Amino acid sequence: MKKLIQTIKDIWSIEELRNKILLTLGFMAIYRLAAQVPLPGIDINVAQAALKNQTSGGGILGLLDMFTGGAFAQASIVALGIMPYISASIVVQLMGIAVPYLQKLQKDGESGRKKINQITRWLTIAITMVQGPAYITNIYQLIPSEAFYISGSMFWLSSMVILTAGTIFAMWLGEKITDKGIGNGISLLIMIGIIARFPSSFIQEVVSKVTSSNGGMIMILLEVIVWFLVILVCVYLVTAVRRIAVQYARKTVAGNIKSVAGSRDYIPLKLNSSGVMPIIFAQAIMFAPALMAGSDNDTIKSVGIEFSNMFGLWYNLLFAFLIIIFSYFYTAITIPTNKMADDLKRSGGFIPGIRPGKDTGEMLDRVLSLITFPGSLFLAIVAILPAVVVKFGLTQSWALFYGGTSLLIMVGVAIDTIQQINSHLLNRHYDGLMKKGTKRKSVA
Numbered sequence: 202m203k204k205l206i207q208t209i210k211d212i213w214s215i216e217e218l219r220n221k222i223l224l225t226l227g228f229m230a231i232y233r234l235a236a237q238v239p240l241p242g243i244d245i246n247v248a249q250a251a252l253k254n255q256t257s258g259g260g261i262l263g264l265l266d267m268f269t270g271g272a273f274a275q276a277s278i279v280a281l282g283i284m285p286y287i288s289a290s291i292v293v294q295l296m297g298i299a300v301p302y303l304q305k306l307q308k309d310g311e312s313g314r315k316k317i318n319q320i321t322r323w324l325t326i327a328i329t330m331v332q333g334p335a336y337i338t339n340i341y342q343l344i345p346s347e348a349f350y351i352s353g354s355m356f357w358l359s360s361m362v363i364l365t366a367g368t369i370f371a372m373w374l375g376e377k378i379t380d381k382g383i384g385n386g387i388s389l390l391i392m393i394g395i396i397a398r399f400p401s402s403f404i405q406e407v408v409s410k411v412t413s414s415n416g417g418m419i420m421i422l423l424e425v426i427v428w429f430l431v432i433l434v435c436v437y438l439v440t441a442v443r444r445i446a447v448q449y450a451r452k453t454v455a456g457n458i459k460s461v462a463g464s465r466d467y468i469p470l471k472l473n474s475s476g477v478m479p480i481i482f483a484q485a486i487m488f489a490p491a492l493m494a495g496s497d498n499d500t501i502k503s504v505g506i507e508f509s510n511m512f513g514l515w516y517n518l519l520f521a522f523l524i525i526i527f528s529y530f531y532t533a534i535t536i537p538t539n540k541m542a543d544d545l546k547r548s549g550g551f552i553p554g555i556r557p558g559k560d561t562g563e564m565l566d567r568v569l570s571l572i573t574f575p576g577s578l579f580l581a582i583v584a585i586l587p588a589v590v591v592k593f594g595l596t597q598s599w600a601l602f603y604g605g606t607s608l609l610i611m612v613g614v615a616i617d618t619i620q621q622i623n624s625h626l627l628n629r630h631y632d633g634l635m636k637k638g639t640k641r642k643s644v645a
C-alpha cells in the first residue's frame, strides 16, 4: 500500500502528467453529464421506462446500452454514443485493404493519417444519419403518442440534428482526450460507459442473492473471486506474445577496421492479434438470424427467436464459431507477414536458420496461424462466458461483466492507459506503476 501511495505521489508531482490526467477526467465527466441530458419534446419518464424494459433483457440492445453508459435507454442527446465512429473506423480499415487510394494514404505518413481521419469523420456522420432514424422509429413504436410534446416532422428533424451533433461531440471529446489527455480517447469513452453500469449491476446481484437466500454474501464473495480470476485470464490474453528471435548482421564502421557485432532482438507476435474486433464482427453477423424472429413462418420464427437469445445454447455456439473464423480473417488482413519479412531483410536482420525473404514470410505466417488458434479459442470462451455464468444463477446484467466485449475492452484500455502513464514516469526517472514508486537516480 505504501508503494502504491508513493507511486500516486510521483504521478501527481509531474505537472504535465497531472494536467493530462485531470483533463482526461474532466472530458469524461462532461461526456457522462451529456449522457443524462434527454432529447427535447418527449415525456422523459415514459421514454426511459419503455426503453429500459427493452434493454433490460440483454441482447444486442442491452449491449448497446452498456457501451453508451445507459444513454441509449435514457433517450439522451448522445444516445448513439461513440458507436457510429467505431463502425466508421472499422469500415475505413477494411476498405484500406481493397481501395488503392486509402492504401496510398496509409503510406503517406502524418498527412495521410489526417486525411484518413477526415474520411472517418464524414463516414461517421453518414452512419449516424442511418442509425438516428432507426433509433427515433424505435422510440415512436414504444412510446404512446400522448407522451410527445412535439410530434411529426418537427420532432424528427430536431432529434436527428441533436443525435448527430451528440455523436460528433462525443467523437470530438475522444479525439481531444487522445491529443491532450492520457490514453486512447475513444476507448476511454466506451470504457467509462461500461463502468457506469457496474455499480447498479453489482447492487442488483447482491440484492438478488440476499433477498432470495440464494447463497447470501458467501456466494457474492465467490463470484467476486471468480471475476478477478477471469480478469487475470483476460490480462494474459491481451498481453501474451510469441517471441521470434531475430539476429542482425555485423556492420563495419566507416574509416575503422573494426566491425560492430550484430545485435539480437525479437519479433513479438501477439497471441490475440485481433483484439476485440472478431467479437464485434460476430455480433454484427448475429443480427441476421435475429431478424427471422419477425417471420410469419413458424419454423423460421422459432429459429429466429432461438438466435435472438444471447444467453441461449445455439446462439453462443454460432457466436463462438464466428469469433474463431473472424480471428483468422482479421489477423490475416492486419498483419502482413510478407511485408514484415521484406522490412527485416532491408534492415539487415534475419531469423536464425531461416532464409531471408520469402522463407521468412512463410515461417512468420505459419507461426502466426498456429498461435491464432489458441488465441481465438480463448477469445471465444471469454466471449460466451456470460451465457455460462448465467446458468449458475447470476443476474444477466452482472453476468455481462464476466466476459465478452465489455470486459476485454476494460482490460485492454486499462493496460494501454497504464503503459502510457508508465512511459511518462520512466521519462522523468520514476519507476512504473507496476513497480515500487521510488524516484530513480538520473543518469547524466
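Residue numbering for the sequence shown follows our numbering, beginning at 202 and increasing consecutively.
All residues carry an ideal CB built from backbone N, CA and C; glycine is no exception.
Bear in mind the structure is a predicted one, so any value in this text is a computation, not a measurement.
Kindly give me the distance between the Cβ atoms of I326 and L240, rounded to whole angstroms, as I take these residues to be in contact under 8 Å.
What you label residue 326 is simply residue 125 of the sequence shown in a count that begins at 1. What you label residue 240 is simply residue 39 of the sequence shown in a count that begins at 1. Going by Cβ atoms, the distance from I326 to L240 rounds to 18 Å, so no, they are not a contact pair.
How many Å lie between S460 and S624 at the Cα?
To locate residue 460, count along the sequence shown from 1; it is residue 259. To locate residue 624, count along the sequence shown from 1; it is residue 423. Bear in mind that the predicted position of S460 carries a pLDDT of just 49, short of 50, making it too unreliable to give a figure here.
Once DSSP output is grouped into helix, strand and coil, what is the label at S460?
What you label residue 460 is simply residue 259 of the sequence shown in a count that begins at 1. Its pLDDT being 49, under 50, S460 is placed unreliably by the model, and nothing is read from it.
Does the region 609 to 621 touch the region 381 to 396, meaning 3 or more C-beta pairs lie closer than 8 Å?
yes
Near K636, what residues of its chain come up, given a Cβ to Cβ distance below 7 Å and the 5 sequence neighbours on each side ignored?
Residue 636 sits at position 435 when you count from the first residue of the sequence shown. Its pLDDT being 48, under 50, K636 is placed unreliably in this model, and the value from its coordinates should be taken loosely. Residues of the same chain with their beta carbon placed closer than 7 Å to that of K636 are lacking, with the five preceding and five following residues left out of the count.
Please name the residue or residues paired with G550 in a DSSP beta bridge.
Looking up residue 550 in the sequence shown gives position 349. Answer is Y449.
For L472, which of helix, strand or coil comes out of DSSP?
In the sequence shown, counting from the first residue as 1, residue 472 sits at position 271. If DSSP states are grouped into helix, strand and coil, L472 belongs with coil.
If I follow the unbroken alpha helix (DSSP H) through M511, where does it start and stop?
As a working mapping, residue 511 is identified with position 310 in the sequence shown. Element bounds for M511: n/a, residue is neither H nor E.
Just the C-alpha distance for S475 and S354, rounded to the nearest angstrom, thanks.
As a position in the sequence shown, residue 475 is number 274, starting the count at 1. As a position in the sequence shown, residue 354 is number 153, starting the count at 1. One C-alpha to the other measures close to 43 Å.
Pull up the distance between the alpha-carbon of T561 and that of T573, whole angstroms please.
Within the sequence shown, numbered from 1, the residue matching residue 561 stands at position 360. Within the sequence shown, numbered from 1, the residue matching residue 573 stands at position 372. When rounded, the distance between both Cα atoms is 18 Å.
Spatial distance of F399 from S360 (CA atoms)
Numbered from its first residue, the sequence shown carries residue 399 at position 198. Numbered from its first residue, the sequence shown carries residue 360 at position 159. Computed Cα separation, rounded: 29 Å.
Is it buried or exposed, V612, if we count other Cβ atoms within 10 angstroms and call 16 or more buried?
Residue numbering aside, residue 612 sits at position 411 when the sequence shown is read from its first letter. V612 comes out buried.
Expressed to the nearest angstrom, what Euclidean distance is found between the alpha-carbon atoms of I555 and V568?
The residue labelled residue 555 in the question sits at position 354 within the sequence shown. The residue labelled residue 568 in the question sits at position 367 within the sequence shown. Going by the C-alpha atoms only, they are around 13 Å apart.
Cα-Cα separation between T269 and P479, rounded to whole angstroms
Here residue 269 corresponds to residue number 68 of the sequence shown, with the count starting at 1. Here residue 479 corresponds to residue number 278 of the sequence shown, with the count starting at 1. Their backbone Cα atoms lie some 20 Å apart in a straight line.
Coil, strand or helix - T639 by DSSP
If you number the sequence shown from 1, residue 639 lands on position 438. A caution first: T639 carries a pLDDT of 42, below 50, which makes its placement in the model unreliable, though a value can still be read off. Coil.
Note down, in chain order, each residue of its chain lying with its Cβ closer than 8 Å to the Cβ of W428, except the 5 sequence neighbours on either side.
Here residue 428 refers to the residue found at position 227 of the sequence shown. The residues are F602, Y603.
Please tell me whether L303 has its Cβ less than 9 Å away from any Cβ of chain B.
Absence of chain B from the displayed structure is noted, only one protein chain being present.
For G558, which option in D499, D543, L389, L514 has the closest C-alpha, if you only look at C-alpha atoms?
The residue you call residue 558 lines up with position 357 of the sequence shown. Checked all of D499, D543, L389, L514; the closest Cα to G558 is D543.
To the nearest whole angstrom, what separates the beta carbons of N498 and A588, a pair I think is in contact under 8 Å?
Taking the sequence shown and counting its residues from 1, the one referred to as residue 498 is at position 297. Taking the sequence shown and counting its residues from 1, the one referred to as residue 588 is at position 387. Their Cβ separation, rounded to whole angstroms, is 27 Å, which puts N498 and A588 out of contact at 8 Å.
Comparing C-alpha positions only, which one of F520, I344, I287 sits nearest to L389?
Within the sequence shown, residue 389 is the residue found at index 188, counting from 1. Out of F520, I344, I287, I287 has the C-alpha closest to the C-alpha of L389.
Report all residues from its chain with a CB closer than 7 Å to the CB of R629; omit the five preceding and five following residues, and keep chain order.
Residue numbering aside, residue 629 sits at position 428 when the sequence shown is read from its first letter. In chain order, I215 place their CB closer than 7 Å to the CB of R629, counting only its own chain and leaving out the 5 sequence neighbours on each side.
What are the partner residues of R443, as DSSP defines its beta bridges?
Here residue 443 is taken as the residue at index 242 of the sequence shown, counted from 1. According to DSSP, R443 bridges with L470.
Out of L306, T321, L519, A483, which has the shortest C-alpha to C-alpha gap to Y531?
Counted from its first residue, the sequence shown places residue 531 at position 330. Looking at the Cα atoms, A483 is the closest of the given residues.
Looking at the unbroken alpha helix (DSSP H) that takes in V591, where does it start and where does it end?
Position 390 of the sequence shown, counted from the start, is the residue given in the question as residue 591. Residues 559 to 591.
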